[in-house]
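Everything below concerns the one structure shown next.
2 protein chains.
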Amino acid sequence: MSAAFDPATSKLHEECQQLAQRAKSASWQAGLISSASKDRWLNLLADTILSKTPAILEANRKDLQQESAQYLTAALRERLRFDEKRIAEAAQGIRQVAALPDPVRQIISGQTRPNGLQIRKIRVPLGVIFFLYESRPNVTLDAAALCVKSGNAVILRGGKEAQHTNRVLGELIRESLKSCGISEEVVQLVQTTDRQAVDILLKMPEQIDLVIPRGGEGLIRKVTETTRIPVLKHFLGNCHVYVHESADLEMAERIVVNAKCQRPSVCNAMESLLVDRAIAPDFLPRIDKALTERGVELRACEVSQTYLKKSLLANESDFAAEFCDLILSIKTVCSFDEAISHINRYGSHHTDAIVTSELKAAQRFQREIDSAAVVVNASTRFNDGFELGLGAEIGISTDKLHARGPCGLEELTSYKYLVIGEGHVRE
Amino acid sequence: MSAAFDPATSKLHEECQQLAQRAKSASWQAGLISSASKDRWLNLLADTILSKTPAILEANRKDLQQESAQYLTAALRERLRFDEKRIAEAAQGIRQVAALPDPVRQIISGQTRPNGLQIRKIRVPLGVIFFLYESRPNVTLDAAALCVKSGNAVILRGGKEAQHTNRVLGELIRESLKSCGISEEVVQLVQTTDRQAVDILLKMPEQIDLVIPRGGEGLIRKVTETTRIPVLKHFLGNCHVYVHESADLEMAERIVVNAKCQRPSVCNAMESLLVDRAIAPDFLPRIDKALTERGVELRACEVSQTYLKKSLLANESDFAAEFCDLILSIKTVCSFDEAISHINRYGSHHTDAIVTSELKAAQRFQREIDSAAVVVNASTRFNDGFELGLGAEIGISTDKLHARGPCGLEELTSYKYLVIGEGHVRE
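Here the protein sequences come in this chain order: V and R. Take 1 as the starting number for the first sequence in full-length UniProt numbering and just add one per residue. Take 1 as the starting number for the second sequence in full-length UniProt numbering and just add one per residue.
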């Protein structure tokens with residue numbers, strides 16, 4: 001008997017292998033399901049979670065009463081909680097996915113070549129998507145809806161803390177698929193809470209085409225370092241607002257307050273404010289009042305501090321930080337160049353905004369800032385799928401390859417070239 | 001002194017770090033160079049390699065006379081050879097890149113939202129591309145032309161066997177950049193032939209945005225396993241032609257001969273032929289003659305063998321093989337299903353073709369075959385950038401993420417969202 005042989009691991013390995021294989025086989029069918037069937041299923045799923053609300057709430061109570069749930073922070077418990085309002089919102093979200101156009105087999109471009117060869121480039125599904133996430137149970141529904149609508153099979157692995165809720169949601173998803181005549185195997189749930197299962201699945205590049213980890217930076221880094229399967233990364237954002245000397249200060253205040261306070265825990269909230277030196281004496285006292293009234297802690301550079309009533313001295317790491325909280329780093333800059341290089345250096349290439357009345361400044365900012373969304377005279381909070389008019393999203397990518405910014409149905413697809421000739425050969 | 005400290009490695013590490021950093025810094029400028037400047041440079045580069053032909057030929061002779069060159073196969077020596085004709089072709093290729101539209105800042109899509117927010121999605125460069133390649137010196141020119149035209153900085157690392165030729169070409173590239181007022185740092189050449197330099201560069205995800213290995217399968221696998229930087233893979237192709245029972249046999253013969261024989265060493269040449277059982281008795285003897293006349297070795301399944309004069313019995317690995325040579329595997333199939341599942345199982349998802357006169361068969365084949373190019377009634381050889389009307393390419397991707405099929409200028413870019421408001425905030 002080999003020293004490395006461990007019957008428990010070996011059994012888990014076999015289970016994961018089978019699950020991934022079921023997903024791979026189902027993915028061939030997933031790409032061929034008609035749009036009408038997929039939309040019928042989505043609407044049925046929305047109906048089902050509404051009609052089964054009591055069972056979902058019951059499972060969610062179990063999760064919240066687990067012994068381990070006592071150790072969760074208040075914020076995590078809050079994210080784990082699924083109530084009637086959230087279930088109704090989730091149902092609404094699923095119906096929105098049904099209403100979006102089906103990306104599968106959309107013609108992206110096409111041409112007839114001079115030799116008569118006809119070329120079309122069409123969208124096709126990726127195959128199998130492995131979706132790893134934490135806490136929020138609505139992600140189970142969102143991920144299944146988006147992956148299946150885009151013609152993919154999906155392997156879902158939620159957090160241990162939400163296991164009961166996710167199990168019930170998973171059953172409802174699979175039952176509703178079945179009653180619409182779609183193989184329920186297109187949605188696979190990793191039932192075991194053994195963390196090893198994730199490591200095993202991450203080593204199956206033959207079965208899995210894309211991994212999407214949705215959670216803290218630690219989870220994403222760990223996944224990226226473990227797997228050779230492509231990973232769609234959406235790190236949190238260190239987003240900036242740069243108030244240019246030409247800014248309308250009233251507009252700048254409105255945007256800064258909105259970008260920081262409207263929902264501080266999300267990735268497109270502002271984390272860092274840059275202010276041109278010329279307007280610092282006017283703007284900083286004004287924003288000081290507006291932000292401290294709203295409970296925001298300010299961490300400012302030395303120059304900025306002279307215009308603020310109460311602030312901490314910011315250090316290097318504050319400018320690189322993603323607080324996801326009512327905390328803001330502030331820096332007074334001496335030039336446009338300094339603002340640009342600060343953002344490209346400390347930012348996370350997610351969303352950065354300028355407030356300005358000068359066309360030239362707006363144009364230069366949009367040209368030189370290397371971020372997924374570069375915003376002029378609007379809040380950073382607009383970088384999400386719905387606000388950009390792209391529909392429901394599964395995250396906001398900070399990658400440059402494949403997908404950047406909001407990832408919706410199109411970003412869950414690849415493409416292929418269809419070529420039709422009449423006996424064409426190459427000379 | 002630490003046990004791990006090795007002054008030679010440490011020096012090499014520092015050199016690589018500096019080189020990658022120069023590329024990263026240059027990449028900021030590369031994205032801002034005007035289309036006119038880039039095209040002026042490309043045309044100057046084409047002129048320069050023509051006027052400096054004697055120096056290039058001299059360097060190439062040195063490569064061919066290196067002691068190590070004696071151990072190269074005839075095919076590799078042939079690929080290494082750069083003569084007047086090939087230099088003229090390379091110059092022509094560079095001018096073609098100049099003539100292509102600049103992808104940088106192209107508007108991919110845009111809309112005005114109901115709230116008045118203006119959204120544009122525009123193409124932007126990726127940043128720094130690390131290009132690793134073997135033998136053929138013209139790749140040095142192609143890669144520099146495509147990467148700079150698409151607004152990227154590029155790190156070039158050619159094979160040791162072509163070091164003298166590549167050095168001269170690299171100097172001409174950098175000199176011509178300089179005389180067009182473009183920083184020559186946008187094109188970096190790894191001068192050392194130490195293989196460790198590659199491993200060191202592959203561990204610099206902060207400086208390098210994309211790795212493109214162009215060479216044998218071994219090189220590509222090694223790179224994929226070593227690095228966490230995204231890799232654009234273009235494995236060789238195991239391409240199929242499936243002759244459907246409804247096929248015009250004269251057309252089928254023309255396509256099969258072209259796909260196999262017109263240039264057997266390339267990735268879009270056919271490696272495997274599938275024939276419907278109903279037409280095997282007619283088609284196989286016919287193709288037997290046409291292919292053996294052209295020196296093709298046939299490796300066939302048992303059923304196929306009964307219709308062929310001289311063939312070897314194909315085994316499992318022959319059906320999975322990419323011969324890149326005048327060898328063909330042949331299988332007689334009993335049904336459309338068998339053809340589809342054989343191709344999706346043994347193929348490399350590169351290019352597969354059907355010859356048929358039935359619309360339904362053509363449609364089903366294009367729907368169910370999961371390959372970068374799915375061809376009806378034409379040779380597999382049409383899957384390349386020029387033939388598909390996409391312009392010059394740096395390879396044909398067998399990946400599904402980011403880019404699939406021919407990779408040209410567009411595939412060397414990412415995108416960003418530009419958002420313009422008038423003080424918009426989110427409710």
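The C-beta atom is built at its ideal place from N, Cα and C for all residues, glycine as well. Bear in mind the structure is a predicted one, so any value in this text is a computation, not a measurement.
Chain R contact for residue i (CB, 8 Å cutoff)
i         : result
Phe382(V) : yes
Gly218(V) : no
Ala378(V) : yes
Met1(V)   : Residue placement at Met1(V) cannot be trusted, given a pLDDT of 39 that sits under 50; the coordinates are not used to answer.
Lys416(V) : yes
Pro230(V) : yes
Lys38(V)  : no
Val241(V) : no
Gly385(V) : no
Arg86(V)  : no
Glu175(V) : no
Ile396(V) : no
Val419(V) : yes
Per DSSP, cross-strand counterpart(s) of residue i
i              : result
Ala252(V)      : Bridge partners of Ala252(V): none, in fact.
Tyr242(R)      : Leu274(R) and Ile354(R)
Tyr417(V)      : Lys121(V) and Ala373(R)
Val187(V)      : Val154(V)
Gln363(V)      : The partner list for Gln363(V) (beta bridge, DSSP) is empty, contrary to what the question assumes.
Glu297(R)      : Ile327(R)
Val231(V)      : Val211(V)
Thr112(V)      : Gln118(V)
Leu312(V)      : Arg299(V)
residue 429(R) : Only positions 1 to 427 of chain R appear in the structure, and residue 429(R) is not among them; the question remains open.
Integer Cβ distance of residue i from residue j, believed to fall under 8 Å
i              : j         : result
Thr232(V)      : Ser348(V) : For clarity, residue 232(V) is Leu in the given sequence; the question names Thr instead. That belief does not hold up - the Cβ atoms of Leu232(V) and Ser348(V) are roughly 15 Å apart, past 8 Å.
Tyr346(V)      : Ser272(V) : 7 Å
Ile394(R)      : Asp142(R) : 6 Å
Asn43(R)       : Gly421(V) : Between Gly421(V) and Asn43(R) the Cβ distance is about 34 Å, and since that is not below 8 Å, they are no contact.
Arg426(R)      : Arg381(V) : 4 Å
Leu219(V)      : Leu132(V) : 7 Å
residue 509(R) : Glu322(R) : Chain R is shown from 1 up to 427; residue 509(R) falls before or after that span and cannot be answered.
Check whether residue i and residue j have beta carbons under 8 Å apart
i         : j         : result
Arg95(R)  : Ala46(R)  : yes
Ile279(V) : Ser304(V) : no
Glu171(V) : Arg22(V)  : no
Val223(R) : Val355(R) : no
Ile108(R) : Arg123(R) : yes
Ala339(V) : Leu298(V) : no
Ala373(R) : Lys400(V) : no
His234(V) : Met270(V) : no
Gly423(R) : Arg294(V) : no
Val190(V) : Ile173(V) : no
Arg367(V) : Val333(V) : no
Val168(R) : Ala55(R)  : yes
Glu84(V)  : Thr112(V) : no
Gly127(R) : Ser246(R) : no
Where residue i falls, given that 16 or more other Cβ within 10 Å makes a residue buried
i         : result
Ser311(R) : buried
Lys38(R)  : buried
Asp384(R) : buried
Ser176(R) : buried
Ser2(V)   : Low per-residue confidence applies at Ser2(V): pLDDT is 44, beneath 50, and the placement is therefore not dependable enough to give any value.
Glu411(R) : buried
Ser10(R)  : exposed
Min CB distance residue i to chain V below 8 Å
i         : result
Asp209(R) : yes
Met251(R) : yes
Ala373(R) : yes
Leu117(R) : yes
Arg367(R) : yes
Lys149(R) : no
Lys360(R) : no
Gly127(R) : yes
Gln92(R)  : no
Thr224(R) : yes
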